[in-house]
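J.:
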Amino acid sequence: MALNSEKPCEMEYRLKRFSDQSYRWHQVRSVPMKNEEGQVMYWIGSATDVHERRTHEAQVAVKTQQLNRINQYLDDLVHSTAHDMRVPVARLQLLVDAFSELPPGERESLLPKFSRSVQHLDSTLRGLVQVIELQGVSKLSDHRIQLGKVVEDVLERYQKTIMEAGASVHVHNPQNCEITYVRAHLYTILDNVLGNALKHRHPHKKPQVHINLREEEGYLLISVQDNGRGIDMRQQDNHLFKPFHRINKQAEGLGMGLYVVKTILEKNGGYAEVKSDPETGTVFNLYLKEYSDPLK
Amino acid sequence: MVLMVDDDDDALEIYSMLVKQTKFADYFTTINDPLKALGFLEKCHQTITERFPRYILLDLNMPGFSGVEFVEKYEESYLSDHQQTEIIILTSSVREKDNEKVLSFDSVAHFISKPLSKDKLISLIAESAA
Numbered sequence: 524m525a526l527n528s529e530k531p532c533e534m535e536y537r538l539k540r541f542s543d544q545s546y547r548w549h550q551v552r553s554v555p556m557k558n559e560e561g562q563v564m565y566w567i568g569s570a571t572d573v574h575e576r577r578t579h580e581a582q583v584a585v586k587t588q589q590l591n592r593i594n595q596y597l598d599d600l601v602h603s604t605a606h607d608m609r610v611p612v613a614r615l616q617l618l619v620d621a622f623s624e625l626p627p628g629e630r631e632s633l634l635p636k637f638s639r640s641v642q643h644l645d646s647t648l649r650g651l652v653q654v655i656e657l658q659g660v661s662k663l664s665d666h667r668i669q670l671g672k673v674v675e676d677v678l679e680r681y682q683k684t685i686m687e688a689g690a691s692v693h694v695h696n697p698q699n700c701e702i703t704y705v706r707a708h709l710y711t712i713l714d715n716v717l718g719n720a721l722k723h724r725h726p727h728k729k730p731q732v733h734i735n736l737r738e739e740e741g742y743l744l745i746s747v748q749d750n751g752r753g754i755d756m757r758q759q760d761n762h763l764f765k766p767f768h769r770i771n772k773q774a775e776g777l778g779m780g781l782y783v784v785k786t787i788l789e790k791n792g793g794y795a796e797v798k799s800d801p802e803t804g805t806v807f808n809l810y811l812k813e814y815s816d817p818l819k
Numbered sequence: 010m011v012l013m014v015d016d017d018d019d020a021l022e023i024y025s026m027l028v029k030q031t032k033f034a035d036y037f038t039t040i041n042d043p044l045k046a047l048g049f050l051e052k053c054h055q056t057i058t059e060r061f062p063r064y065i066l067l068d069l070n071m072p073g074f075s076g077v078e079f080v081e082k083y084e085e086s087y088l089s090d091h092q093q094t095e096i097i098i099l100t101s102s103v104r105e106k107d108n109e110k111v112l113s114f115d116s117v118a119h120f121i122s123k124p125l126s127k128d129k130l131i132s133l134i135a136e137s138a139a
């Protein structure tokens, strides 16, 4: 090819290094040397080890991808936060207007509304702080974490709720599931998902929760199934994992839980999926990837 | 007649209080649930005594049955019989593209950014009562 074209050529490929048998990237150049008639007499070639540069470029590419993802994430977050701040702020504006319009006798009834709007604003801000903290540097656990143990700990926190509701919780396969992860994140994930399973219970059924731990296609899968009142997936569209989204008005909370879960999982190459039906309940499948530093 | 549909009970109550200060109290109805609002419209549609709203002020962002679904159902049942009626979206969205989808509906006239001012509300009610 290059030989036939009789033009200088340059390419990069890997060559095996004799000393340690490792493949290293080389930049290979060759230039044809021609005589006065323009005929190629011989070629001069060089091979330069550019392995360091290539590796560095790959690292930069990974880093750039990460930064792009973070940028997109922050953009979404800013918009949804702005939206969620607008709701109570708009109501406060309305209240101020109403306060000046209404006769003195009726103004008093506005006070609890003022207070609720301010609380709403406050909890939105708290939710935001929670998300910002998640983005910070997190300490990776030094040891392999036993998932079964984490489930046990989280269930203990919910023991009172479980007792009061007469709920039965089954943990399947708790042994042998280990993972390297940020320990606090594991607790946050399980706390949110188990909390949901117990919170959104069916009005006429005793709550039953099945927690299944297993490995699946390179992921560690935590599957949490309940027999609660379910979610009409058609109505929820894909809002379920958005920040500040509440499934219904009755259940308490900031609507941050699933968003936080999703953020943690995806930050580390995992994902979450949900299947739900108002008849049978909800299954949350959380796919966790082993924690790894992409630059190593 | 003006119908306001929003899941924010506080806001509905405030608007009701404000309208009560005027002579238009009979021309303003608030409902905090889109499904109930559809039920109310059906009643207006069936009976001659109830006046079908001239304006429907609609919050888009409600849990469960969303504002967009409300508009879809509304157009299915009432668009052809009540062409005068306009839906005005009350929005707290800060992102333009969130609003584009719903503007493509025939019955949706325009958007008003929350909070809807008392004067604007009264002028709409006055127009519908005229």
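Chains A and B, in that order, give the protein sequences. Sequence positions in the first sequence follow our numbering and run 524 to 819. Sequence positions in the second sequence follow our numbering and run 10 to 139. Ideal Cβ positions, reconstructed from N, Cα and C, are used throughout, including at glycine. On a predicted model such as this, the values are computed, not experimentally measured, just so you know.
#1: Which residues, taken in chain order from the stretch 25-48 of chain B, show a beta carbon closer than 8 Å to some beta carbon of chain A?
#2: Identify each residue in the stretch 614-648 of chain A for which the Cβ-Cβ distance to at least one residue of chain B is less than 9 Å, and report them in chain order.
#3: Residue range of the beta strand (DSSP E) that A/S799 falls in?
#4: Taking the alpha-carbon positions, what's the A/N791 to A/K798 distance?
#5: How about B/D90: is its C-beta nearer than 9 Å to some C-beta of chain A?
#6: Between the C-alpha atoms of B/Y24 and A/R639, what's the straight-line distance to the nearest angstrom?
#7: Closer than 9 Å, CB to CB, is A/R752 near chain B or not?
#8: In angstroms with no decimal places, state the Cα-to-Cα distance between A/I787 and A/H708.
#9: Output yes or no for whether 9 Å exceeds the beta carbon distance between A/H693 and A/I734.
#10: Between which two residues does the alpha helix (DSSP H) harbouring B/F1 extend?
#11: Among A/P626, A/R630 and A/H606, which residue has its Cα nearest to the Cα of B/S122?
#12: Quick one: does B/K127 have its CB under 9 Å from some CB of chain A?
#13: With a 10 Å radius around its C-beta and 16 neighbouring C-beta atoms as the bar for buried, classify A/R609 as buried or exposed.
#14: Would you say B/M26 and A/L625 are within 9 Å of each other, going by their C-beta atoms?
#15: Rounded C-beta distance between B/V11 and B/P62? I'm assuming under 8 Å.
#16: A/L651: which of A/I745, A/H602 and A/L809 sits nearest, CA to CA?
#17: Sorted by chain position, which residues of the same chain lie with C-beta nearer than 8 Å to B/K29's C-beta, five sequence neighbours on each side aside?
#18: For the stretch 554-568 of chain A against the stretch 577-588 of chain A, are there 3 or more C-beta pairs whose distance is under 8 Å?
#19: Looking only at DSSP bridge pairs, what is A/S691 linked to?
#20: So the candidates are A/P726, A/K812, A/Y596 and A/Y742; which of them puts its Cα closest to the Cα of A/I655?
#21: B/I131 and B/F33 - do their beta-carbons sit closer together than 9 Å?
#22: In terms of residues, what are the limits of the beta strand (DSSP E) holding A/H480?
#23: Go ahead and pull the three-state DSSP assignment for A/M556.
#24: Is it buried or exposed for A/D598, if we count other Cβ within 10 angstroms and need 16 for buried?
#25: Taking B/C53 as the reference, which of B/N41, B/L69 and B/Y87 has the closest Cα?
#26: Suppose you measure from the CA of A/E559 to the CA of A/S528; what does that come to, to the nearest Å?
#27: From A/D800 to A/H727, what distance separates their C-alpha atoms?
#28: Mind checking which residues open and close the alpha helix (DSSP H) that includes A/N808?
#29: I'd like the list of long-range same chain contacts for A/L618, defined as Cβ closer than 8 Å, with 5 residues on each side in sequence excluded.
#30: Over what stretch of residues does the alpha helix (DSSP H) that includes B/H119 continue unbroken?
#31: What are the boundary residues of the beta strand (DSSP E) that B/V14 is part of?
#32: Rounded to a whole number of angstroms, what is the C-alpha to C-alpha distance between A/Q562 and A/M556?
#33: Looking at the ligand FAD, does it come within less than 8 Å of A/R577, judged from the CB to the closest heavy atom?
#34: In terms of alpha-carbon separation, which member of B/A118, B/D15, B/Q55 and B/T38 lies closest to B/T94?
#35: Is it buried or exposed for A/V554, if we count other Cβ within 10 angstroms and need 16 for buried?
#36: Note down, in chain order, every chain A residue with its Cβ under 7 Å from the Cβ of B/A135.
T.: From the atom records:
#1: Within the stretch 25-48 of chain B, the residues whose Cβ lies closer than 8 Å to some Cβ of chain A are M26, L27 and Q30, listed in chain order.
#2: So the close ones are R614, L615, Q616, L617, L618, D620, A621, E624, L625, P626, E629, S632, L633, P635, K636, R639 and S640.
#3: Taking the first residue of the first sequence as position 1, residue 799 of chain A is located at position 276. Unbroken beta strand (DSSP E) run through A/S799: Y794 to D800.
#4: Counted from its first residue, the first sequence places residue 791 of chain A at position 268. Counted from its first residue, the first sequence places residue 798 of chain A at position 275. Rounded to whole angstroms, A/N791 to A/K798 spans 22 Å at the Cα level.
#5: Along the second sequence, read from residue 1 onward, the residue named residue 90 of chain B stands at position 81. Answer no: the Cβ-Cβ gap between B/D90 and chain A never drops below 9 Å.
#6: Reading the second sequence from its first residue, position 15 is the one you call residue 24 of chain B. Reading the first sequence from its first residue, position 116 is the one you call residue 639 of chain A. Distance between the alpha carbons of B/Y24 and A/R639: 17 Å.
#7: Working through the first sequence from its first residue, we reach residue 752 of chain A at position 229. For A/R752, not one C-beta of chain B is nearer than 9 Å to its own C-beta.
#8: Within the first sequence, numbered from 1, the residue matching residue 787 of chain A stands at position 264. Within the first sequence, numbered from 1, the residue matching residue 708 of chain A stands at position 185. Roughly 7 Å between the two C-alpha positions.
#9: Residue numbering aside, residue 693 of chain A sits at position 170 when the first sequence is read from its first letter. Residue numbering aside, residue 734 of chain A sits at position 211 when the first sequence is read from its first letter. One thing to note: A/H693 has its Cβ within 9 Å of the Cβ of A/I734.
#10: Lying outside 10 to 139, the shown extent of chain B, residue 1 of chain B is not represented and no answer is given.
#11: Looking up residue 122 of chain B in the second sequence gives position 113. Ranking A/P626, A/R630 and A/H606 by Cα distance to B/S122 puts A/H606 first.
#12: Working through the second sequence from its first residue, we reach residue 127 of chain B at position 118. At least one chain A Cβ lies under 9 Å of B/K127.
#13: Here residue 609 of chain A refers to the residue found at position 86 of the first sequence. Classification of A/R609: buried, given that the 10 Å Cβ count is 16 or more.
#14: The count along the second sequence starts at 1 and reaches residue 26 of chain B at position 17. The count along the first sequence starts at 1 and reaches residue 625 of chain A at position 102. Yes, these two residues count as a Cβ contact at 9 Å.
#15: The count along the second sequence starts at 1 and reaches residue 11 of chain B at position 2. The count along the second sequence starts at 1 and reaches residue 62 of chain B at position 53. Contact annotation, B/V11 with B/P62: C-beta distance approximately 6 Å; criterion of less than 8 Å satisfied.
#16: To locate residue 651 of chain A, count along the first sequence from 1; it is residue 128. Among A/I745, A/H602 and A/L809, the Cα nearest to that of A/L651 belongs to A/H602.
#17: Translated into the one-based positions of the second sequence, residue 29 of chain B becomes position 20. Leaving aside the five residues that flank B/K29 on each side, none in its chain has a CB nearer than 8 Å to its CB.
#18: In this structure the stretch 554-568 of chain A does not touch the stretch 577-588 of chain A; the number of beta carbon pairs closer than 8 Å is below three.
#19: Position 168 of the first sequence, counting from 1, holds the residue named residue 691 of chain A. The partner list for A/S691 (beta bridge, DSSP) reads A/Q731.
#20: The residue labelled residue 655 of chain A in the question sits at position 132 within the first sequence. Minimum Cα distance to A/I655 is reached at A/Y596.
#21: The sequence position of residue 33 of chain B within the second sequence is 24, counting from 1. The sequence position of residue 131 of chain B within the second sequence is 122, counting from 1. Cβ atoms of B/F33 and B/I131: closer than 9 Å.
#22: There is no way to answer for residue 480 of chain A, as the model of chain A reaches only from 524 to 819.
#23: Residue mapping note: residue 556 of chain A aligns to position 33 of the first sequence, counting from 1. The three-state reading of DSSP puts A/M556 in strand, counting E and B together.
#24: As a working note, residue 598 of chain A is residue 75 in the first sequence. The residue in question, A/D598, is exposed, as its Cβ has fewer than 16 Cβ neighbours within 10 Å.
#25: Locating residue 53 of chain B in the second sequence gives position 44, where the first residue counts as 1. Nearest C-alpha to B/C53: B/Y87.
#26: Position 36 of the first sequence, counted from the start, is the residue given in the question as residue 559 of chain A. Position 5 of the first sequence, counted from the start, is the residue given in the question as residue 528 of chain A. Roughly 18 Å between the two C-alpha positions.
#27: The residue you call residue 800 of chain A lines up with position 277 of the first sequence. The residue you call residue 727 of chain A lines up with position 204 of the first sequence. Between A/D800 and A/H727, the C-alpha separation is close to 16 Å.
#28: Your numbering for residue 808 of chain A matches position 285 in the first sequence. Careful: A/N808 lies outside any alpha helix (DSSP H), inside the beta strand (DSSP E) at G804 to L811.
#29: Counting from 1 along the first sequence, the entry for residue 618 of chain A is found at position 95. Setting aside the 5 residues that flank it on each side, A/L618 is surrounded in the same chain by L633, K636, F637 and S640, each with a C-beta closer than 8 Å to its C-beta; the list follows chain order.
#30: Here residue 119 of chain B corresponds to residue number 110 of the second sequence, with the count starting at 1. B/H119 -> not in any alpha helix (DSSP H); beta strand (DSSP E) instead, spanning V117 to S122.
#31: In the second sequence, counting from the first residue as 1, residue 14 of chain B sits at position 5. Where B/V14 is concerned, the enclosing beta strand (DSSP E) stretches over V11 to V14.
#32: Taking the first residue of the first sequence as position 1, residue 562 of chain A is located at position 39. Taking the first residue of the first sequence as position 1, residue 556 of chain A is located at position 33. Going from the Cα of A/Q562 to the Cα of A/M556 covers about 8 Å.
#33: Absence of the ligand FAD is noted for the structure shown, with no ligands found whatsoever.
#34: In the second sequence, counting from the first residue as 1, residue 94 of chain B sits at position 85. Comparing alpha-carbon positions, the option among B/A118, B/D15, B/Q55 and B/T38 lying closest to B/T94 turns out to be B/A118.
#35: Here residue 554 of chain A refers to the residue found at position 31 when the first sequence is read from its first residue. Exposure of A/V554 is indicated by the presence of fewer than 16 other C-beta atoms within 10 angstroms of its C-beta.
#36: Translated into the one-based positions of the second sequence, residue 135 of chain B becomes position 126. What B/A135 touches in chain A: nothing, since even the nearest Cβ is about 16 Å away.
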